[in-house]
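The listed protein sequences correspond, in order, to chains A and D. For the first sequence, our numbering assigns the number 2 to the initial residue and increments by one for each residue that follows. For the second sequence, our numbering assigns the number 1077 to the initial residue and increments by one for each residue that follows.
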Amino acid sequence: MIKNITLSLLLLCSFQILNAQVETGDILIKNGNVITITDGVQEDTDVLIQNGKISKIGKDLSARDVRTIDAAGQYVMPGIIDAHSHIALDVVNEATDPNTSDVFVGDAIDPFDVAIYRALAGGVTTSHAMHGSANAVGGQCETIKHRWGVSNPDDMKMDGAPRTIKFALGENPIRVHGEGNRIVPRTRMGVEQIFRQGFAKAQDYQAKWKAYKANPSAALETPKYDLKMETMSDILNGDIIIHCHSYRADEILMLVDVLDDYGVKKICFQHVNEGFKVAPELAAYGAGASVFADWWAYKFEVYYSTAYNATILTRNGVVTSINSDSGELIRHLFHEAAKTQRYGDLTDNEALKLITLNPAIQLGIQDRVGSIEVGKEGDIAIFDKHPLSVYAIPQMTIVDGVVRFDIENDNDDIRIDIDPEEKISSFIDHHAETEADRCMQDVFEYFADQKQD
Amino acid sequence: MNRIIIKSIVILVALFIWGDSSAQQVAKSTYGDVLLKNATVHTITNGVVEGTDVLISDGMIADMGKGLSSTSATVVDCSNHHIYPGFIDGGTTLALSEVSSVSLTNDFNEIGDFIPQMQALTAVNPNSVAIPVTRVNGVTSVIVKPAGGVFSGTASLINLVGYTPAQMDAGFKAVAMNFPSAAKRGRRDRRSEEDIKKDQEKATKEIDEFWDKLRVYHMIDSASANKSNSSLTYQPEMEAMLPVYRGEIPLMINVTKDKDIEAAIAWVEKKNVKAILTGVTEGYRVADKIAASGLPVITGPVQAIPGRSEERYDVAYANAGIMSNAGVKVALRTNDTENVRNLPFHAGFAAAYGMGVDEALKAITINPAEMFGVGDKYGSIEKGKIANLFVSTGDPFEMKTRITHLFIKGWNVPIESRHTLLYNEFLERSPGLQEK
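Here it is in structure tokens:
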């Protein structure tokens, strides 16, 4: 009996070790219109992926024993990147404190979330799995690759991607803490102080440790290890990119001022509906902006918005991306990007950059993904028509040279892990949901539970 | 000295322009005869005709043909441009809500389960900022519909021009109904399967009782129709249901799940009322049955995720096309408030995923117009119809296409909204980064 258990444990361990190896593949895509992003559109061109990396781009390529895909007449573009998403997560908000920089979204990854497959069916290969916006300083986020089919949550992670953290301004942290928990912040003034306090304390913390490490024997006691302070220190040291949920121009400027005071440079504003009003300031600070194509007016802080936001930001020199923040929008980011050609005058390449290279820059992974270049990772989306056309349908999505979505093999039920308790007929009327804001997922459930307790 | 004078004049002119335009949300619409010359006209009902003129006069499409002329009309050269009939959204809360998270601005969900007397038209805010935002994408008319409860209220078709609800009223009403559902209300609905079933049975029983009362009310009302002293007490919910009971106006029955759709069809046949099915999220599962019933359908949003986790990713995209191909008369809706402007893109997705461009165009023009009994006035480019139309640089489903002119009830509506005004102000901000 014990022998059996030991054996199973051993098997389980070896299984885990095997699983931790991320699968890569070889593939040759022939004769497509290759939208490189960094080097124009190359017609009738082949792309060869070997060991999960793009090894060659050119005409009449050949490779032995490699799966060949005929993309004649089709459009081959870099896998789409979503800089703001909450798919593939068990939970989104640790709403219990105005600063939860000690929690990691990477600990809550759900590789079985069917939304991953649906995103792949929209050509999206990488997404930024973000903490919610319940807190001024939220949890640390995880950049994931859509390796649909793996069962180990760690296999979803984009190994080596820079660390990122969620900050949040405005209504959400105010609602949750000021209105909900009756603690600071209840106003945008309070939100500022959460950041200042966090950074100031982190500086003290750093100084204490520095003094201790310089001369441990002189210390009366060892400084206490504090994960929140460690995280805030890492932000001060430039080791973490801040992604800040924000809407209004004034609060955006507030955070820029705070960061400037503490010498923090790595900042990308998220949603940033009023970013267009302070585009010159954002450009001057080198801040990124990750926006919706056209969401507005669903709450008061987005009432004075314009769908021309992405165009204004781009024209003012801000590195801009278009994100989804939604398990629905993530399926047609190419369509969202195209809206900048209705609301503004971005060129095809500028529009497609908003969902490829620019989000890659904002996540610090632009050397690995975001364009079709030799040496970059083999993440590709293939469309039957130009991806900025409303009639374009994604045909195949490749991650690390492995086909993860193929419209020809799109089976009726693609779930990997089926809950035996769940009735097959469980239809959910998603439009009956009241909270449209995915960034607030789980928060009001938490309040409801609190009230019950 | 001269410089100062010029400067003052510039400032005065600037003030004049500013003063003129800041008093309103967007520039005023203008009225008058307009001759649109040499366009490709997508009539919807009579094919596509090239090099054709459309004369707008007195709010109507006064004439259409090659080589038209008019002494009174402003001539607009539409060479290389296209004319389409204004798009119609079959279900929205546009102008019934301004900022959805601010509950006091939401006027589509009154208290009570049986309140068909609640009039959406009453709560329409003609000055909603979202109206210009919507119409500049070619959406000229929408259904405004109450939500919640069983009989939520009375929906209306409105045109997106005018300063009073009466000016906007396009002459169609229907009572909105939510059919008792076996669906979960969102991911957080924690009711057990049993509880859901019980709720559904209870709601069905309440509707039957309401209907029995309505039948009696109708009988008494009919019997006392010509008498001065009616014995009926004030019962607004019954009064509002009478035209439904008598088949004068339809019920808009919202229904989502496959089994609920079948139950709704059976219910409509039993009650013998005029009905339009709305929502119909799982219509693709029972398309033949809907077709056999002859009931028209308003479905959408098209850009939506499947209701079941095991379903194919594209069922919501394909739903409209599957029903349409099965012979169902289909119209589309966004079910949205501030982004009703995306209606043409929802139609584009439906077109791409099996419906085809022609049917998708009909689903937001002539089909809803006919469903609402206003097919003689709206939904196509034909002589004698109301001038709800727009001019575009190409296919209006494509994002790249521009809408260049917009006419609603003959009003020449500016292509302007909060979104374009902010663009104009902030593209090159002044002052920019420096103060001078």
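Note that beta-carbon positions come from the ideal geometry of N, C-alpha and C, so glycine has one too.
Outcome for residue i when other beta-carbon atoms lying within 10 angstroms are tallied against a minimum of 16
i	result
V1124/D	exposed
Q1243/D	exposed
T312/A	buried
E378/A	buried
V375/A	exposed
N1443/D	buried
L29/A	buried
R419/A	It is worth fixing the name first, because residue 419/A is Ile in this sequence and not Arg. Its Cβ having fewer than 16 others within 10 Å, I419/A is exposed.
N1122/D	exposed
S1515/D	Given a span of 1077 to 1512 for chain D in the structure shown, any question on residue 1515/D remains unanswerable.
T223/A	exposed
V35/A	buried
R332/A	buried
R176/A	buried
M159/A	buried
I184/A	exposed
S1098/D	Bear in mind that the predicted position of S1098/D carries a pLDDT of just 47, short of 50, making it unreliable; the figure below should be weighed with that in mind. So S1098/D ends up on the exposed side.
V444/A	buried
A343/A	The displayed chain sequence assigns Arg, not Ala, to residue 343/A. By the neighbour-count rule (16 or more Cβ atoms within 10 Å), R343/A is buried.
Straight-line gap, residue i to residue j (C-alpha atoms, nearest Å)
i	j	result
S1148/D	I1457/D	21 Å
A1115/D	S1155/D	5 Å
V1175/D	K60/A	54 Å
M1253/D	T1332/D	12 Å
I110/A	L1497/D	42 Å
F293/A	E337/A	8 Å
I417/A	H147/A	14 Å
N1348/D	G150/A	51 Å
M190/A	D251/A	11 Å
M1475/D	A284/A	27 Å
S306/A	T1469/D	26 Å
P1312/D	P1319/D	12 Å
A1301/D	F1473/D	50 Å
D385/A	D368/A	27 Å
P281/A	L364/A	22 Å
I425/A	Y299/A	Per-residue confidence for I425/A stands at a pLDDT of 48, beneath the threshold of 50, marking its modelled position as unreliable; the derived number appears in the next sentence. Approximately 33 Å between the Cα atoms of the pair.
T1240/D	A1463/D	19 Å
N182/A	M255/A	24 Å
E231/A	T1354/D	54 Å
A215/A	V106/A	34 Å
E143/A	M157/A	9 Å
F406/A	A1367/D	33 Å
A1426/D	A1380/D	11 Å
Residue range of the beta strand (DSSP E) that includes residue i
i	result
Q51/A	V42 to Q51
Y1160/D	H1158 to P1161
K1249/D	D1245 to N1254
N350/A	Run containing N350/A: none in the beta strand (DSSP E); it sits in the alpha helix (DSSP H), D349 to K354.
M78/A	Y76 to P79
E1126/D	V1124 to S1133
Where the alpha helix (DSSP H) through residue i begins and ends
i	result
D1284/D	E1269 to A1299
R164/A	Careful: R164/A lies outside any alpha helix (DSSP H), inside the beta strand (DSSP E) at R164 to A169.
I236/A	L228 to L237
F270/A	Here F270/A belongs to no alpha helix (DSSP H); instead the beta strand (DSSP E) covers I268 to H272.
S119/A	Residue identity check: residue 119/A is Arg in the sequence provided, not Ser. Run containing R119/A: V115 to L121, per the alpha helix (DSSP H) assignment.
Partner residues on chain B for residue i, Cβ-Cβ distance less than 7 Å
i	result
K1365/D	The chain inventory of the structure shown lacks chain B, comprising the protein chains A and D.
(Q) Between the segment 232-242 of chain A and the segment 112-128 of chain A, can you find at least three pairs of beta-carbon atoms closer than 8 Å? (A) At 8 Å Cβ cutoff, the stretches do not touch.
Q) Looking at chain D, which residues of the segment 376-398 of chain A have a Cβ within less than 8 Å of any of its Cβ atoms? A) Listed by position along the chain: L389, S390, V391, Y392, A393 and I394.
(Q) Within 8 Å, do at least three Cβ pairs link the segment 1189-1204 of chain D to the segment 1155-1165 of chain D? (A) Put simply, the segment 1155-1165 of chain D does not touch the segment 1189-1204 of chain D. Fewer than three CB pairs are less than 8 Å apart.
(Q) Counting only Cβ-Cβ distances shorter than 7 Å, please list the residues of the segment 298-325 of chain A near chain D, keeping chain order. (A) Those residues of the segment 298-325 of chain A that come within reach of chain D (Cβ to Cβ, closer than 7 Å) are A298, Y299, K300, F301, Y304, T307, A308, Y309, I313 and R316.
Q: Say whether the segment 1322-1337 of chain D touches the segment 1361-1377 of chain D, bearing in mind that this needs 3 or more beta-carbon pairs closer than 8 Å, one atom from each stretch.
A: With three or more CB-CB distances shorter than 8 Å, the segment 1322-1337 of chain D counts as touching the segment 1361-1377 of chain D.
Q | the segment 1164-1178 of chain D: positions lying closer than 8 Å to chain A by Cβ | A | Contact annotation: in the segment 1164-1178 of chain D, residues whose CB is within less than 8 Å of a CB in chain A are E1174, V1175, S1176, S1177 and V1178.
(Q) Along the segment 1365-1388 of chain D, where does the CB come closer than 9 Å to a CB of chain A? Name the residues. (A) Answer in chain order: P1377, Q1379, A1380, I1381, P1382, G1383, R1384, S1385, E1386, E1387 and R1388.
Q.
By the 7 Å beta-carbon criterion, what residues does the segment 215-243 of chain A contribute toward chain D?
A. Along the segment 215-243 of chain A, none of the residues has a CB nearer than 7 Å to a CB of chain D.
Q.
Under 8 Å: do the segment 348-355 of chain A and the segment 99-110 of chain A share three or more Cβ pairs, one atom per stretch?
A. Between the segment 348-355 of chain A and the segment 99-110 of chain A, the count of C-beta pairs closer than 8 Å stays below three; the two stretches do not touch.
Q. Taking contact to mean at least 3 C-beta pairs separated by less than 8 Å, is the segment 262-282 of chain A in contact with the segment 309-326 of chain A?
A. Counting Cβ pairs under 8 Å, three or more are found: they touch.
Q: Check each residue of the segment 353-371 of chain A: if its Cβ is closer than 9 Å to any Cβ of chain D, include it; give the result in chain order.
A: Answer set for the segment 353-371 of chain A: empty.
Q: Decide if the segment 1411-1428 of chain D is in contact with the segment 1206-1220 of chain D; the criterion is three or more beta carbon pairs, one per stretch, under 8 Å apart.
A: Taking a cut-off of 8 Å on C-beta distances, the segment 1411-1428 of chain D touches the segment 1206-1220 of chain D, as three or more cross pairs fall below it.
(Q) Counting only Cβ-Cβ distances shorter than 8 Å, please list the residues of the segment 1421-1445 of chain D near chain A, keeping chain order. (A) So the list reads F1421, G1424, F1425, A1427, A1428 and Y1429, given in the order they occur along the chain.
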